[in-house]
Amino acid sequence: MPSRLQAVGGPLTGATIPLAEPEMSVGRDNANALTLFDPSVSPCHCVLTTSDDVVAIRDLDRANPSFVNGLPAGDRPLQDGDQIQIGTSIFVFTLTESGANAPAGEVVTVNERPAATASMLTMGREDVFAGERAHDAAPAVRESRDLDALIRISAAINAIRGLVALERPLLELIADVVPATRGAIVFGGDRPADIMSAVGWHRGAAVNRPVDVSRAVIERVIRDVVGVLTDDRCSLAAPLATFDKPIGAILLETDDRSRLFDAAHLRLVMAVAAIAATAFEHARQVESLEDANRRLQAQINVDHNMVGESRSMRDVYRRIARVAPTDSTVLIRGESGTGKELVARAIHRNSPRAEKPFVAINCAAITETLLESELFGHEKGAFTGAVAQKKGKIETAEGGTLFLDEIGELSLALQAKLLRVLQDREFDRVGGTRRIKVDFRLVAATNRDLEVAIDMGAFRRDLYYRLNVVALTMPPLRERRDDIPLLASWFVRRHGDKAKRPVSGLSDEAVACLTAYDWPGNVRELENAIEHAVVLGTAVLILPDDLPDAIAEADTSRPAEASGSATLRFHDAIKETKKDLILRAVEESGGNYNGAARLLGLHPNYLHRLIKNLQLKSTLKSS
0 MPSRLQAVGG
10 PLTGATIPLA
20 EPEMSVGRDN
30 ANALTLFDPS
40 VSPCHCVLTT
50 SDDVVAIRDL
60 DRANPSFVNG
70 LPAGDRPLQD
80 GDQIQIGTSI
90 FVFTLTESGA
100 NAPAGEVVTV
110 NERPAATASM
120 LTMGREDVFA
130 GERAHDAAPA
140 VRESRDLDAL
150 IRISAAINAI
160 RGLVALERPL
170 LELIADVVPA
180 TRGAIVFGGD
190 RPADIMSAVG
200 WHRGAAVNRP
210 VDVSRAVIER
220 VIRDVVGVLT
230 DDRCSLAAPL
240 ATFDKPIGAI
250 LLETDDRSRL
260 FDAAHLRLVM
270 AVAAIAATAF
280 EHARQVESLE
290 DANRRLQAQI
300 NVDHNMVGES
310 RSMRDVYRRI
320 ARVAPTDSTV
330 LIRGESGTGK
340 ELVARAIHRN
350 SPRAEKPFVA
360 INCAAITETL
370 LESELFGHEK
380 GAFTGAVAQK
390 KGKIETAEGG
400 TLFLDEIGEL
410 SLALQAKLLR
420 VLQDREFDRV
430 GGTRRIKVDF
440 RLVAATNRDL
450 EVAIDMGAFR
460 RDLYYRLNVV
470 ALTMPPLRER
480 RDDIPLLASW
490 FVRRHGDKAK
500 RPVSGLSDEA
510 VACLTAYDWP
520 GNVRELENAI
530 EHAVVLGTAV
540 LILPDDLPDA
550 IAEADTSRPA
560 EASGSATLRF
570 HDAIKETKKD
580 LILRAVEESG
590 GNYNGAARLL
600 GLHPNYLHRL
610 IKNLQLKSTL
620 KSS
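Residue numbering for the sequence shown follows my numbering, starting at 0 and increasing by one per position.
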């Protein structure tokens, strides 16, 4: 069975795509092997290659990357369970199943020959547990052996996890006590005639021939929820049913005329089937819930991806790749809006804890008294309003990752408690006396200079050393200007889809304005600026006029003659006109900015912003 992609989000949700070819292209164009009808996907988006059982993904559109576990795919091999995002589509990559983990069964074929149902021996489920024995009941020694086998099979069924992993071992366990040459487990649909899936088994070495089963027998077993033994005693079948709802059947056949089936064999298989049906249904429910969980996680994480190909960002990706598989505490530093939480999520999604919770809390957004309860939880009656026991963020992060944003804002009292938790991995709820053990990974982030805070007595030095095991610094956007066009294009696609407005990209002039601006709010401010332009713009391309004033008026440091752009010359002329009008208004008002704002018909705050953006402060001071 080839490696495959399971679509858990996007237009193909629920589909399974086998990766059987050496190369599979993905994109919006119909010429691709996998076509995604999604405007956020490039015509030729990426390609999946298979060589020597290694599957790799390679991006074809630099401006619109794919993501693997939240990081740009670039050109990298895939691991089992990797989550791949292509536009709005989310796929889970699954490697070829090995014989050790999920043994493949023989092929099952269904024959349409009518069965002599009248001569079949049938057994209802109530007959299996009846006190009276059938006329050909087995002797006591055999009953004791069958009971022992039933106990062993029951224990084995409960120890095996997964629907596929359970099917073939169940047939092998039954064959230890029932003289079957071959067998099959068949799962039906809403109607008895529907066969949704089946797995077969042959005794001994692998046999290259299918397991042939009778549709008539399957229909009888599933429809009437009874076990059957054919008149020649070479075949028997037992229903798989939960709460009187049939889900399939177990079928066994023998070629050994000296060891034919009897009613005792049917009774034993019926008992096994009753136990196994619950296990199968439970496994199906678990798989359904896991699929639903993957889809929900995909929807939650779809926007949490990091975009950038500058040298500083590539260094960030390398450090994430190295630190993620460990359990080390990570301290992420950087200015507000640089994407520190995205780094924390990327570390979690690429770690062995990826299937466990990622719990985030902003230490600066909650008051000190409430923050203690949020972190550690509280017992009922611990304080006024504590009407019930509540688990804290640390406890809910059990097995996963706890992300403490703005950790530099923690009070000294909470810093001491957090230090104790990091040392002992134990804590008490507020108002509680019972110690609670926890297993979590801590990732913290701050935009403060913690060394300065330590010197000022605002941050504990011992906690700093506990946190600063692995440090990772996110560069501000002004230090990676090469990434601005890439980020802007990514945000244009995202917000264009949300606003239901076709936007094909950014004009050269708009890119020049974006690149020239200093971005004190970093990536968060850039995203807001692009959303502003998408919502208010009317053209197919984002133009400078669509951007917020502060960005549109940024000094591009590009002479109009060199640009050769009439549009850029127009904006330069507008900028010079604004400067002239402001200087004349301030002069006429005698240097009074409020008076100048009244002359211009502007709000004083807006006038001050224009003076700052147009860099007129020094000119006004000297005049």
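No residue lacks a Cβ here, since even glycine has one placed at the ideal position from N, Cα and C.
Query, Result
"Note down, in chain order, each residue of its chain lying with its Cβ closer than 7 Å to the Cβ of residue 88, except the 5 sequence neighbours on either side.", "6, 8, 9, 10, 11, 35 and 37"
"In the structure shown, what three-state DSSP assignment does residue 428 receive?", "coil"
"Run the CB neighbour count on residue 380, radius 10 Å, all protein chains shown included, and call it buried at 16 or more, exposed below.", "exposed"
"Quick check for students: name the residue ranges of the beta strand (DSSP E) that lie wholly in the region 308-378, counting only runs of 3 or more.", "329-332 and 357-361"
"Considering only DSSP beta bridges, list what residue 5 is partnered with.", "15 and 91"
"Starting from residue 143, trace the alpha helix (DSSP H) both ways and give me its first and last residue.", "139-158"
"Taking the beta strand (DSSP E) that residue 617 belongs to, which residues open and close that run?", "Note, residue 617: premise wrong, no beta strand (DSSP E); alpha helix (DSSP H) at 616-621."
"May I have the straight-line CA-CA distance separating residue 26 from residue 308, to the nearest angstrom?", "21 Å"
"Can we say the region 334-349 touches the region 432-450, given the rule of at least three CB pairs closer than 8 Å?", "yes"
"Could you work out which residue in 471, 170 and 502 is closest to residue 317 when comparing CA atoms only?", "471"
"Taking residue 490 as part of the alpha helix (DSSP H), name the residues at either end of that continuous run.", "483-498"
"Would you say the region 176-185 touches the region 256-268, given that touching needs at least three Cβ pairs under 8 Å?", "yes"
"Reducing DSSP to helix, strand and coil, say where residue 402 ends up.", "strand"
"If you draw a straight line from the alpha carbon of residue 562 to that of residue 538, how long is it in whole angstroms?", "In this prediction, residue 562 has a pLDDT of 40, which is less than 50 and means its spatial position is unreliable; nothing more can be read from the coordinates."
"How many whole angstroms separate the CB atoms of residue 224 and residue 240, which I take to be in contact at a CB cut-off of 8 Å?", "5 Å"
"Within a Cβ cutoff of 6 Å, which residues of the same chain sit near residue 53, ignoring the five residues on either side of it in sequence?", "76"
"Figure out for me which residue from 500, 524, 371 and 484 has the closest Cα to the Cα of residue 507.", "484"
"Quick one: what does DSSP say residue 643 is sitting in, helix, strand or coil?", "This structure leaves residue 643 out entirely; the chain is present only between 0 and 622."
"Alpha carbon to alpha carbon, how far is residue 246 from residue 187? Give it in angstroms, no decimals.", "6 Å"
"Could you tell me the alpha carbon to alpha carbon distance between residue 231 and residue 213, rounded to whole angstroms?", "14 Å"
"Which first and last residues belong to the beta strand (DSSP E) in which residue 440 is found?", "440-445"
"Exposed or buried, which one is residue 587 when buried takes at least 16 other CB atoms within 10 Å?", "exposed"
"How far does the alpha helix (DSSP H) with residue 43 in it reach, from first residue to last?", "Unbroken run through residue 43: none, as it is neither H nor E."
"Are the region 497-507 and the region 357-377 in contact at 8 Å, needing three or more beta carbon pairs?", "no"
"Does DSSP put residue 277 in a helix, a strand or coil?", "helix"
"Would you say residue 547 lies against chain B (beta-carbon separation less than 8 Å)?", "Although the question refers to chain B, the structure presented lacks it and comprises just one protein chain."
"Just to confirm, is the Cβ distance from residue 357 to residue 393 under 8 Å?", "no"
"Kindly confirm or deny that the region 404-422 and the region 456-473 touch, where touching means at least three C-beta pairs closer than 8 Å.", "yes"
"Between residue 574 and residue 40, what straight-line distance do the alpha-carbon atoms span, to the nearest angstrom?", "37 Å"
"Quick check on DSSP: helix, strand or coil for residue 10?", "coil"
"Indicate the three-state DSSP secondary structure (helix, strand or coil) for residue 603 in the structure shown.", "helix"
"What residue from 513, 47 and 93 has the CA that sits closest to residue 72's CA?", "47"
"When we look at the beta-carbon of residue 183 and count the other beta-carbons within 10 Å, is it buried (16 or more) or exposed?", "buried"
"Note the first and the last residue of the continuous beta strand (DSSP E) segment covering residue 591.", "Element bounds for residue 591: n/a, residue is neither H nor E."
"In this structure, what does DSSP give as the bridge partners for residue 200?", "182"
"Cα separation between residue 17 and residue 81?", "15 Å"
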